[in-house]
Amino acid sequence: MTRLTTRVGQVLLKNPVICGAGEQTMTRDAIRAALASGASAVVAKSTNESVAAKQQLDKTDYVLLDACWNRLPWDFSPPPDASLFGRSGLVQRDFAEWLAELATLDVEARTQDAYVVPSLILSDLEQCADYARQIEQAGLRVLELNIGAPHGDEAAKGAIVLERGAQRIEAIVARIRRATTLPLWVKLTGQSEDVVGLAQAARRGGADSVVMMGRFMGFLPDLETGLPLLGTSAAIGGAWALPLTARWLMMTRKAMGDDYPLIATNGARNGLDVARFLLAGACATEITSAVFTGGYEVLSRAVNELDEYMLRRGLSVKQLLGSAADQVQTYQQQPDRPDWWKHFAPECPGSPG
């Protein structure tokens, strides 16, 4: 499947399908299952030093919703339009133990032409930098820094830091960059009016790639109980997010050039969605919620579906990358079509024709 080979900076991936960090990458067996699916990389569930962030894992809850906001069964076969609404926490493990396990798993991943990627969520910057240094010393090959976790505004103060300021992002990334020479992927929030500016700031700080973008926070009343669903605000994601993510990818590519690697996340369910993100400018895609709710087969199906699509079109990932983003036009460039809108407007009762 050489047509699927892609590159994130200096990191060569056998395909663009990455298993993103989440409950589905919490344990040793979970990471092995994701690797066995054929994903090119598996991002381990994030950690930091915060006790509050670890305790938050015991307060997690999740619900799967249909397009009318009705609960769906958690049976690992959700419909394509399902949305995941939930709150989460971080790994409840000693850092040294967690790191040693990931180092062993990454050795296993090498034999599968894949990567295990540790993920750090910011709490204290100096501690995060020290963890980054230890990760490199342990022999891991890539590091993801998540400063876009949607739960940052809701978790205990300081447990999970969600960054929206460009200057702050540049300073954070620069500090982590000084601590490690590893390829550094920085995951950004989508809860910003200027995601492009955040990506530019991460690049100035030394990020080798940016992951775009974290899920949104939502609030949903339960019609039967009259109470907040799950009792709180929560992060929400689903297929509906794909065009939003794709637009920010396209705009970032236009602003930063086609030589800076972008990674997509938020909205991908399958191999065709990975292809859509490739067309929008993402050299790889982290599939997360779809794996959590649909199982590890989601990853293997995505790889096969993407390969079939590439074969059908006679293209490689390199040829497809950014090709739609590079052809986007402005509203002003569109042809004039007087009265075209009338084909779409509903008929008014009693009107002629």
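Just add 2 to the spot in the sequence shown (first one is 1) and you have the numbering used here.
Idealized CB from N, CA, C, for every residue including glycine.
All of these numbers come straight from a predicted model, not from anything done at the bench.
- Between M214 and L251, the C-beta gap is smaller than 8 Å, which places the two residues in contact.
- Between the region 191–206 and the region 272–289, the count of C-beta pairs closer than 8 Å stays below three; the two stretches do not touch.
- A direct Cα-to-Cα measurement between E172 and M28 gives close to 29 Å.
- Bridge partners of S125 according to DSSP: none are assigned.
- V175: not part of any beta strand (DSSP E); member of the alpha helix (DSSP H) spanning 168–181, first to last residue.
- Per DSSP, the continuous alpha helix (DSSP H) segment holding N306 begins and ends at 299–315.
- Excluding residues up to 5 positions away in sequence, V10, G11, W187, P263, L264, I265 lie with their Cβ nearer than 7 Å to the Cβ of S211 in the same chain.
- With contacts defined as CB atoms closer than 8 Å, D115 and K16 qualify as a contacting pair.
- Rounded to whole angstroms, the gap between the alpha carbons of E288 and D341 is 42 Å.
- Remark: fewer than three beta-carbon pairs, one from each stretch, lie closer than 8 Å, so the region 63–75 and the region 133–151 are not flagged as touching.
- Put simply, the region 228–246 touches the region 71–89. At least three CB pairs are less than 8 Å apart.
- A straight line joining the alpha-carbon of A347 with that of C70 spans about 24 Å.
- With at least 16 other beta carbons inside 10 angstroms of its own, V197 counts as buried.
- By the 16-neighbour rule on beta-carbons within 10 angstroms, G233 is exposed.
- Note on F221: under 16 other CB atoms within 10 angstroms of its CB, so exposed under the neighbour-count rule.
- Beta-bridge analysis with DSSP links D63 to R89.
- Residue pairing of R73 in beta bridges, as defined by DSSP: L67.
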